[in-house]
Structure formats: structure tokens, C-alpha cells
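**Student:** First to last, the protein sequences are chains A and B. Numbering of the first sequence is given in my numbering, commencing with residue 13 and proceeding in unit increments. Numbering of the second sequence is given in my numbering, commencing with residue 6 and proceeding in unit increments. Note that beta-carbon positions come from the ideal geometry of N, C-alpha and C, so glycine has one too.
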Amino acid sequence: MKITYNWLKEFIENLESISPAEIAEKLTMSGTEVKKVNYLGENFKNLVVGRILSFEKHPDADKLSLCNVDTGRNLLNIVCGAKNFKADDIVVVALEGARIQDFVIKKSKIRGIFSEGMMCSEKELGISDESGGIMILDDSFTVGKDFAGQAGLDDWVFELEITPNRPDCLCVLGIAREISALTGLKFKEFGYNSEYYANKDKKFVIDIRDYESCPRYSAKIFKKIDNYPKTPLWMKNRLMQCDIRSVSLLVDLTNYVMLECGQPLHAFDLNKLSSKKIIIRKAEKEEKLLLIDGSEKSLDENDIVIADEKGPVALAGIMGGKGTEISDETEDMLLESANFNGVSIMRTSKKMGFRSEASNRFEKKLDPENTVNAIGRFEEMLYRISNVKSDNTFYDNYADLKRSRRIDLRLSRLNDFLGTDIKTEKVSEILDLLGFKNKTDGEIIKVDIPTFRYEDIEREVDLIEEVARIYGFDNIPVRKPRTASKQGKYTDEQKFLRAIRNTLSEMGLNEVINYSFIGRKDLLMFYLEKEKDYKDYVKIINPLNEDFEILRTSLIQSLVRNAKDNIFKKINDIAIFEISKIFKSAESDGQRKSTEKNTLGILLSGRACLKNWDIQERYYDYFDIKGIVESLAEIFFDKNDLSVNECEYGFFHPVLGGDIILKNKKIGVIGKLHPKIINNLDIRQDIYIAEIDLDTFIENISREKKFRQISSFPPVNIDLAFIVDEEIKYHDIEKEIIASAGRDLQNIRLFDLYRGKQLEDNKKSLAFALELNAIDKTLNEKDIESLIKKISEQLSKKFQARLRDQ
Amino acid sequence: MEENINALKSVLDKEYEDFESAVEKVQTLSELENIENRFIGKKSLVSEYLKNMGTLSGEFRPVAGKTINETRKKISERIFLIREEISLIEFDKKLRNEKSDLTLPGRKIKKGSKNIISQIIEEIEMFFIGLGYEIAEGPEIETDYYNFEALNHPPDHPARSLHDTFFIDENILLRTHTSPVQIRYMEKHKPPVYVIAPGKTYRKDYDVTHTPMFTQIEGLAVDKDINFGNFKWTLETFVHAIFGKDRKIRFRPHYFPFTEPSAEVDVSCNMCKGSGCRICSYSGWLEILGAGMVDPNLYKFVGYDAEEVNGFAFGVGIERIAMLKYGINDLRMFFDNDLRFLNQF
Ligand SMILES: [Zn+2]
Chain A
13 MKITYNWLKE FIENLESISP AEIAEKLTMS GTEVKKVNYL GENFKNLVVG
63 RILSFEKHPD ADKLSLCNVD TGRNLLNIVC GAKNFKADDI VVVALEGARI
113 QDFVIKKSKI RGIFSEGMMC SEKELGISDE SGGIMILDDS FTVGKDFAGQ
163 AGLDDWVFEL EITPNRPDCL CVLGIAREIS ALTGLKFKEF GYNSEYYANK
213 DKKFVIDIRD YESCPRYSAK IFKKIDNYPK TPLWMKNRLM QCDIRSVSLL
263 VDLTNYVMLE CGQPLHAFDL NKLSSKKIII RKAEKEEKLL LIDGSEKSLD
313 ENDIVIADEK GPVALAGIMG GKGTEISDET EDMLLESANF NGVSIMRTSK
363 KMGFRSEASN RFEKKLDPEN TVNAIGRFEE MLYRISNVKS DNTFYDNYAD
413 LKRSRRIDLR LSRLNDFLGT DIKTEKVSEI LDLLGFKNKT DGEIIKVDIP
463 TFRYEDIERE VDLIEEVARI YGFDNIPVRK PRTASKQGKY TDEQKFLRAI
513 RNTLSEMGLN EVINYSFIGR KDLLMFYLEK EKDYKDYVKI INPLNEDFEI
563 LRTSLIQSLV RNAKDNIFKK INDIAIFEIS KIFKSAESDG QRKSTEKNTL
613 GILLSGRACL KNWDIQERYY DYFDIKGIVE SLAEIFFDKN DLSVNECEYG
663 FFHPVLGGDI ILKNKKIGVI GKLHPKIINN LDIRQDIYIA EIDLDTFIEN
713 ISREKKFRQI SSFPPVNIDL AFIVDEEIKY HDIEKEIIAS AGRDLQNIRL
763 FDLYRGKQLE DNKKSLAFAL ELNAIDKTLN EKDIESLIKK ISEQLSKKFQ
813 ARLRDQ
Chain B
6 MEENINALKS VLDKEYEDFE SAVEKVQTLS ELENIENRFI GKKSLVSEYL
56 KNMGTLSGEF RPVAGKTINE TRKKISERIF LIREEISLIE FDKKLRNEKS
106 DLTLPGRKIK KGSKNIISQI IEEIEMFFIG LGYEIAEGPE IETDYYNFEA
156 LNHPPDHPAR SLHDTFFIDE NILLRTHTSP VQIRYMEKHK PPVYVIAPGK
206 TYRKDYDVTH TPMFTQIEGL AVDKDINFGN FKWTLETFVH AIFGKDRKIR
256 FRPHYFPFTE PSAEVDVSCN MCKGSGCRIC SYSGWLEILG AGMVDPNLYK
306 FVGYDAEEVN GFAFGVGIER IAMLKYGIND LRMFFDNDLR FLNQF
């Protein structure tokens, strides 16, 4: 919201003693944030009001005139190209040094004749788009005096941000009240002239069908408005500074009064109403209304309308109807000043996708006591401009809400809450300044809440806030809390999760974070719609767009997108991971429920090693990603707790994909991304992926670690190679060796895998290095021999494995 | 061999002198070996003498034997020392012949990185753990009740329109802030409560200054005797820990439905040192968090007694902190996951 310094001056005595910058600071530090203070006069320097005394044609140019202009102190010769003036017209003269549209005025010769200034159009001055000649001022302007001051342009504009709890501050008066409380300067209130009274006659009737929708509707009739003058320039300018376009005097006045006292007004063409009766009611289903902006709206029972006896004439609080709009031909006007239910207005305005200055105010719940003041102010301003007095009646229908409230404020509670030692007198003074009448009774201050704050001050704590913000947050002393009564810590689960993140980043992977959303096409591209673990997704009913409509059931798509994005930027070597939640939809007790799980995704692509002066280039493959998963698992689990089982997934290479098994339970998948997906994405390099359910992973981590005794006897290292059928899986052989070797086996390592000429077809040789060590003795030849025998026999029995001669 | 001890001694002395002069110029181990052969080898004078000991008379024999052996020992000890010396020199020479260029690049360990958002979260977590806080968590798919209603946003509250919410269905939504964790935590724990809750949050907004997902840290302290001064101390200390002690801080009154009084906290702009610049929109201040004293209404939802306890709460935008701390100028960088960005942190 924007308001101006001079406007505020009208309601605060002696405001000129405080600079606009100081006011901005005080407002900001009391909760009304001033985003910007802008001095307008900067653009209107060296502009003076002048009178054209005489003019003649330029001797050398038909289109130019040579004018003699009185600027008070001097008579100037000015060459002018416009035609719309006559002698005695009052005009704006830009003197030497004035800046007009980024052009600095100086004395210059125009076609051989000296011109000592420039007469300006509204467009040149930047106060409207009007460019049909120079601006002719009315005789309210004083010749010889500064133009900006007389046109309301020697002013500062404050750009304010009003929080939604303070609808009372959505106007000049509200801000003036705040400034008064902050500075102690006197606030000049105005009220409706008491000689005027409501419903003196029955010439017009206001029928409110539902006070819930409309607690109050006040209105006044203005006759013979067709010969009112135009909006004065200062008012036009003031509206313009507050981002409101000037339309006509009456429309401008409704806006002016709204900006000034916060009450939206609406003007109807009285003679276009079909009855001398206004009905405020809920719309009927499918009822139609053509609005001022030309759009036809179909209404329903949630919308409030203003209607005459034929049908709706305005959408309450949002926009008037086209049929009753005032125009230049309007003779008589009905001015509406009403209070509507904020929630209804908000719903309707949301539904219509339309917000106006009025609806924005109504949404925040306005004070119904204010409707009559606004009519009074409208009349007063109209009189000031036109000198026309209106009659002394208005029409009013008011549910007469009891808007009085008294709250007890305990001084001790206030000081305990704030950590302060503010005295009763100070509290009482602050409340007075804010317009809260109060009475001290011992340690209790009894506070009457004014009607304009009725909506937001309901409790003692609300008053404490009022005192605190006027007293100044900066003045409340900083106090170290008494030592917290708790010891700060991470839970085990939180520690593990952070350790996993640290480990992976130390392994050389970069942590990415992706949006939780994907599109349906991402789901299809990865063939997830067929995978039972991935297909049941949670859908956003109001997504940003179709690329963001699904909550991802896997991190894979996002990671692949990251790879693709980087590869397209020629960053080809990628090792990334993400720890984020994935979301799934599940049926339970006949209800759809969504679940979310912390999940780890890892992606490798490109080169594991670049060619270096003594290192060979190497590309990532399946065993790199498996190694990462294994290394990670070995930090938290026994080596043998983790394994991989082959399993086919639509998104993995048909023989290079499987499940990650932890303690006999599936916790994730690992594999090579299916080459057809890679082709579809136009990536042209292999991608390896692992995804792990981190919640389950962490759940299974043993909370206690136990020390295992170290043997003090020397270990024995032996190598054993077995020849087996190609179909036999490494993992099964390893498992068998571990089982038969028993507890003396400390380490097992596959150091060679051979397929080839020295073996029959479909055979392979696996060579293991075993480290053996007993806790209680040195293993001798006999021990070793019997162990080898045991292992060989077991492997031979299980897999027809043959021990290979060394 | 003379049967005269003096004559024998002089012969042996002469022999030792010869040895010394021979050994003086020795350079290599093989030269030394030759000398060793010559003076104490099988055909050396000393060996000859020792071989012929049997021919000597009984009384002279032990004296001569001792003398000869002394000479032999002297020579052999000397050779041992010289051999040590030459081996060392030769070893050194061998080492010096190895080729080396210490300036060649080393084999580096590939560097990964924790995401900048994770790093800042952890930094903030460590700060608050130091003050006695725990870490709380909550779901990203929330109910209307926790995201709005229990946080003092009844249906149709105008403040709801500040949150452009993504809905799953009528009452289920993606949390628009981490504040629901306050309610969830208080429901399950009695005061004193000191927690922070980091996490992802979602709003339907996508432009230069908004992403549909962003990260927040919520903080909540509820205890006996907590006051506004404590709230100021905690946030001031926090801001100083993150941005440095030289930064000024101000508490600007604001409005949030679930705190009362509410404040926005600004830190002085580091670019212009408070005099105003483009970064701080010429105000000299940068807004970094929203906070306030817990609105007593919330205690009704979780069964606390508002007369017994007070509290404060705050919410910090992590991306905003990162942008200010590192001068990152485009919010979208956080979710582009460009490796050139990720590798910087
Ligand atoms: Zn700055």
C-alpha cells in the first residue's frame, strides 16, 4: 500500500517536525514495514506556475508561437509548439535547470528566437498520458509560485507492507494513528456530522436478508451530479502516487475516501436501479451478473450480491455490475458504504481469480462502525471541491454488533513475558496513544478495546504485543536463558544418517538435492508404471504443471536427470548421491494413505579414473557402485550381512540388475540403467544406479558395538583356487567357504577369476586368498591341511568344485 | 719368522702401516675386498704367520700368537668400519641415481561434497545442540490440522492465502513450512522443550525468487520462565554464530498467526556495511528469519498450560542463509545440481 507524507499531515498535528525518513524507520520498527520512501519533488524542481500574457506567431515557423509569460518574478519569452492555449491561460513553466523527460531545460534559440523556458504538457511532466497540448491549470493555482507544491507533488510516497492482522492500517488514518502512538504527536480524528441522520425518510430502503453476510449497509443518494467539476489536479496526483488511475470525480472520490479511511465505497447510477430498494442477499445458483470489466459471472449460493428487485446489480465487495455503472450521463447516484463478511468475499474473490483494492480490504474484516464516517468524508470532500451541499439524510441498516471488549492486563504477566521492568504509567501511556482507553487498578490495567481493533485484540497477550512493539523490541533487554534443562544431542538414527552422508561425500560423491516432484512421463520413461514397488504414487491435485504432478516413488529419475543435465553441459564424469524422502500411496483399511521414507540414491557414470601420467583411464562399471554400497554397509554391519540377488526390473539392464539384500531382507536395488532408457534420453554413456531404503537400513544398525579379541599368534595366509561350473555364483561359494572354515577364517579375498583355454568350456576358476588365525594358538600344518580338506570336500559336495593345483 | 718379539712386532707394524696406506685410497667395496685378501686373506702375511705358529718354541708361541692376532684384529676391525662407510656412500650414490621430479602431480583422492544445504543445516544443528536442543522431525505430507489449524490458521484465515499450498486431497497437503513439527513435538513431549526441526517445505510458487520446494529449520523452546529477552539472546547468538560477531541484528515487529508478538529478524548488510546497496534493496538490512513468542493458543492444541510455560519459535530459510553467506545470486542453482556448483562446497 502507498500513502503520502502530506496526506498524513492532514491527520497529525505538527508532523512536519519529523522527517519522512524518521517516520519510515519508526513505522518499520513497530511492525508496519516501509519498503521504500520516495521523494516526488525530485522530478518537479524548477517548475513554476505562469500566466500567458500574450502570444504571436513565430516569424520563421508556422507551427510555433512566441509567448510572453508572467512567472511572477520575470516576464519570459517562450517558444511553444502547442496550439491549445489562449491569452490569460495559467500554465506550468519549466525554468532553466528543470528536468523534463530526462532533458535539462536551458535557454536556447529556437529557429533564431531566444526561448527562456518551456510550457509543459501532462505527459511531459509524467503525471498522465495526456499529450494533446500544454497543461492549462485552473485559477486555483497561484502565478509565480512553485508548481509541485500546488499540484500535490512536493511530497514523499511511503510504500508500506501491511500485515494481514491489521486491516485498520490499510488507510491513511490507520497509519496516522500508528505514527501518533509512536511519536506522541496528536492525532486529528474526524467523525460524521451529527446533524445528519439515518433513515429520516422511507424514500429508499435497504433490505439485508442475512446479517452474517452483511452486518451493515449504509448508503446515501446524491442528486444532479452531472454538472460537478473535474477532479482537482492535486487529488489526481495523489491517487496516481498511490497507484490508482483517475477516472471521474465521483469514482476518484470513492477511491480517495477508501485510501483515506479504509472503507471501500461503490457508486451506483441510481436511475438504473429498477427499484428504490437495495437487497443484500446470497446469490442464487446459476444466477448471472455482467460486471463492470465486461465479464459475465455465473454465481452460486456462496456469493453475496447487491440486488434490486429485478436481480443482482453488484458482486458485493468485489465489483459493481455493468448495468448500474455510473457514467458522464449519470444524474443521480447511490453511494454504498457497506460491511461484508470477509470470509465470503475471500472465497468469491478466490473463485473468480480476481482481487481488488476493495476485496483485499473486506477479506481482512473491516470495522462496521466505519461505514458512516466514510460517507461523511465523501460528502465533505465533495463539498470542498464542488461547493454543493447534499441533503441531510442517509440510509443505514446495521445488525448492531456489540463490539465492545474489556481485557485485564496484568503488569507482572507483561514483564515476565517480555523480561522487562516496564512501569504501569508507561504501559498506560502507550495504550492511550494507541486509542485504547484504560484504567489502572493495582497491578491490573483494565483496557477497553476500540472498535477498529476489535478483530485483532482479543486477549491479554495481544495487548502485551501492542505494548512491546510501541515500547520498541530494541528496548527490550537481551537476556541469556537460564541454562537449558536438557542436554542437546542427535538421536542414534540422526547420527547414522549424517554419518552415511559424510561417508559418501568422503568417498568422492557429490550430494545432490532434487525437487520431490516428477511428471507422469518420467514415470513412464523409466517403466515404473509396471513395477509394483514404484507404481503407486501420490498425486498433487493442483500441480505447478505436468512435470511436477507426482511425488516421486524413487530417486532414480531425478538422479538420471542430474546426470543428463551435466552431460549436456559436457560434464561427463559423475558420481552423485541424494538422501531424500520418496513417497508412495498405499491402501490400508480401505483407505488410501501416503507413506514417506528416507531413501538413498547413488549414480555413477563416466570415468572412475582419468588418464593421468601414471594412471590408466577407467570407466565406472557395476562393481564400482556395488563397492560403494558394500563399503558403506561394512561401516555399520558385518561384512556378510549384505548381498545382491539378481532380479529383473524394467529400468535395469536385463542381466545387470538386482536387489540389495541386508540381513535377508530386500532394502534396495542396484544395477546398470537399461540401455534403451539411455538411448531415449540421448545420453550416450552407461549409468549405474543403486537405491536403498535408508529408514530400514538405519533401523537394522546395531546400537552396540562389541570388541572382538585379537589373536596374539601369527596368521597363516593360504591361496586356494577352485574350478566350478559357470552357473555357480561367487556369493554361494564364498558363503560355503566361510561356513566350512569356521571362526579361524579372518579374511577372504577373491584375487583371481579365470575363464579360458586352460579350462574346459563353461568352467571358471576362482582363486581365494584366505587369512587364517586362531585366537588361542598358532595354527600348524596339520590344522591347515585339515581345514583345506574340509573346505574342498564341502565345495566339491555342494558345487562339484575341483581344487586346482597350485 | 724371527723368534724375537721385537723383530716380530716391527714386521707386523710395518705390515699394518702398509695396510693403512693401501686402505687410505680405497673407493669401492671390491678394492676393499682385495686389500682384505692381501692383509688378512689366506695368503696374507698375518695368515702365514698364524699358520706357522706350530714351528715356534713353546714359550715364545703365546706371546707371538697374541701379537699376530692383535694385528689381525686391528686390520679386520678397520676393514669393517671402512666397509660400513663405503657401503653407505655407495648406497647413497645408488639412491641419488634414482630419477625423481617431486613437482609431478600426486595421485589425489577424488573429492566429493556434502550439499551446501546439508552443510548449513548441520552447522545450525551443531550450534543448537550446543545450547541444549534436540533435533525433531516430521512428515512432508501433512494434514491441514498440523500445517494450519493447530498453528492458529483456522479455515478461511487470511494468512492462509500467503501460503500457496500444494494439495494431495482436501485435507492432506505438502507442508508449507516446518512449523507443524512444533505441534507434533509438543503433543508427544511435556515441557521443557528445546528442539529444532530441519526439512523440506513446499509452496506453489516458481520464479526468480521462489522454488516450489525449499528448506527450512524450525526452532522451538518452551519452558518455565522463558521471556522475550531470552528469545532475543538466542537468536542474536545464533545469527552471530552463522554470520559473524561483527554483524548487527534487529528485531522488527511482524505478524505470524502462531507467534505473539512476532518479529522478523534482520542482519546488517555485509556488502554495504549498512549504508544501502542493491543486495539489501537500499535498506542496509537483510531479512533472515521469522520468529516470535509462541502464541498461547497453540498450547491449547497440545495440552500445555499457558499460565505455566512460555516459549519462542523461529523459522529460518536455509537457501536464503546460503545465498547471503556465499553470495549465491540465483536460488535455482540449489536444485540444478550442476557439478561445478556442487564441487565448490
Ligand atoms: Zn547493502
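In the DSSP assignment, what are the bridge partners of residue 173 of chain A?
**Tutor:** According to DSSP, residue 173 of chain A bridges with A/45.
**Student:** In chain B, which residues lie less than 9 Å from residue 430 of chain A when you measure between Cβ atoms?
**Tutor:** The contacting residues are 232, 233, 234, 266, 298.
**Student:** So is the beta-carbon of residue 254 of chain B under 7 Å away from any non-hydrogen atom of ligand 2?
**Tutor:** Ligands in the displayed structure: ligand 1; ligand 2 is not one of them.
**Student:** If distances are taken between C-alpha atoms only, which option among A/716, A/209, A/478, A/263 comes closest to residue 443 of chain A?
**Tutor:** A/478
**Student:** Who are the neighbours of residue 168 of chain B on chain A, taking C-beta pairs under 9 Å?
**Tutor:** Within 9 Å Cβ-Cβ: nothing; residue 168 of chain B doesn't reach chain A, min ~12 Å.
**Student:** Below 7 Å on C-beta distance, what does residue 493 of chain A contact in chain B?
**Tutor:** 231, 235, 238, 239
**Student:** Over what stretch of residues does the alpha helix (DSSP H) that includes residue 139 of chain A continue unbroken?
**Tutor:** Residue 139 of chain A -> no alpha helix (DSSP H), and no H or E assigned at all.
**Student:** When you compare each of A/143, A/227, A/163, A/144 to residue 150 of chain A by their alpha carbons, which one comes out closest?
**Tutor:** A/163
**Student:** Does residue 345 of chain A come out as helix, strand or coil in the three-state DSSP assignment?
**Tutor:** Strand.
**Student:** My understanding is that residue 593 of chain A touches residue 528 of chain A, with C-beta atoms under 8 Å, so please give their C-beta distance in whole angstroms.
**Tutor:** 7 Å
**Student:** Taking a cut of 8 Å between CB atoms, which residues from the stretch 185-201 of chain B lie near chain A?
**Tutor:** 197, 199
**Student:** Sort A/44, A/424, A/250 by Cα distance to residue 269 of chain B and report the nearest one.
**Tutor:** A/44
**Student:** Which of the three DSSP states, helix, strand or coil, is assigned to residue 114 of chain A?
**Tutor:** The three-state reading of DSSP puts residue 114 of chain A in coil, since its state is none of H, G, I, E or B.
**Student:** Quick one, are the C-beta atoms of residue 339 of chain A and residue 383 of chain A less than 8 Å apart?
**Tutor:** no
**Student:** Output, in sequence order along the chain, the residues in the stretch 459-490 of chain A whose CB is closer than 8 Å to any CB in chain B.
**Tutor:** Hits within the stretch, in order: 471, 473, 474, 476, 477, 480, 481, 485, 486, 488, 489, 490.
**Student:** Counting only the same chain and skipping the five closest in sequence on each side, list residues whose C-beta sits under 8 Å from that of residue 284 of chain B.
**Tutor:** 274, 276, 277, 291
**Student:** Which value, in whole angstroms, describes the spacing of the CA atoms of residue 30 of chain A and residue 179 of chain A?
**Tutor:** 25 Å
**Student:** Answer yes or no: do residue 224 of chain A and residue 353 of chain A have a C-beta to C-beta separation smaller than 8 Å?
**Tutor:** For the 8 Å CB-CB criterion, residue 224 of chain A and residue 353 of chain A form a contact.
**Student:** Could you check which residue in A/791, A/399, A/279 has the C-alpha nearest to that of residue 232 of chain A?
**Tutor:** A/279
**Student:** Is it true that the CB of residue 736 of chain A sits closer than 8 Å to the CB of residue 645 of chain A?
**Tutor:** no
**Student:** Relative to ligand 1, is the shortest distance from any of its heavy atoms to the C-beta of residue 284 of chain B smaller than 7 Å?
**Tutor:** yes
**Student:** Are the CB atoms of residue 506 of chain A and residue 140 of chain B nearer to each other than 8 Å?
**Tutor:** yes
**Student:** Check whether the Cβ atoms of residue 679 of chain A and residue 702 of chain A sit closer than 8 Å, and answer yes or no.
**Tutor:** no
**Student:** Residue 147 of chain A: beta carbon under 7 Å from a heavy atom of ligand 1?
**Tutor:** Outside the cutoff, so no.
**Student:** Step through the CB atoms of chain A and report whether any lies within less than 8 Å of the CB of residue 120 of chain B.
**Tutor:** yes
**Student:** Cβ atoms of residue 693 of chain A and residue 664 of chain A: under 8 Å apart, would you say?
**Tutor:** no
**Student:** Please list, in chain order, the chain B residues whose beta carbon lies closer than 7 Å to that of residue 549 of chain A.
**Tutor:** Neighbours of residue 549 of chain A on chain B: none; closest Cβ ~11 Å, over 7 Å.
**Student:** Can you give me the start and stop residues for the beta strand (DSSP E) that residue 258 of chain B sits inside?
**Tutor:** For residue 258 of chain B, the enclosing beta strand (DSSP E) starts and ends at 254-261.
**Student:** Using the C-alpha atoms, what's the distance from residue 197 of chain B back to residue 494 of chain A?
**Tutor:** 12 Å
**Student:** Hey, which unbroken runs of the alpha helix (DSSP H) at 4 residues or more fall wholly within the stretch 72-152 of chain B?
**Tutor:** 121-135, 149-152
**Student:** Residue 351 of chain B CB to nearest chain A CB: under 8 Å?
**Tutor:** The structure shown does not extend to residue 351 of chain B, since chain B is modelled only from 6 through 350, so no value can be given for it.
**Student:** Quick one: which residues of the stretch 27-45 of chain A get their C-beta closer than 9 Å to a C-beta of chain B? List them in chain order.
**Tutor:** Answer in chain order: 40, 41, 42, 43, 44, 45.
**Student:** Have a look at residue 51 of chain A and residue 40 of chain A and give me their C-alpha separation to the nearest angstrom.
**Tutor:** 18 Å
**Student:** Are residue 294 of chain B and residue 320 of chain B touching if we call contact CB-CB under 8 Å?
**Tutor:** yes
**Student:** Taking all protein chains shown into account, decide if residue 221 of chain B is buried (16 or more other Cβ within 10 angstroms of its Cβ) or exposed.
**Tutor:** buried
**Student:** Just curious, the beta strand (DSSP E) that residue 700 of chain A is in, first and last residue?
**Tutor:** 699-705
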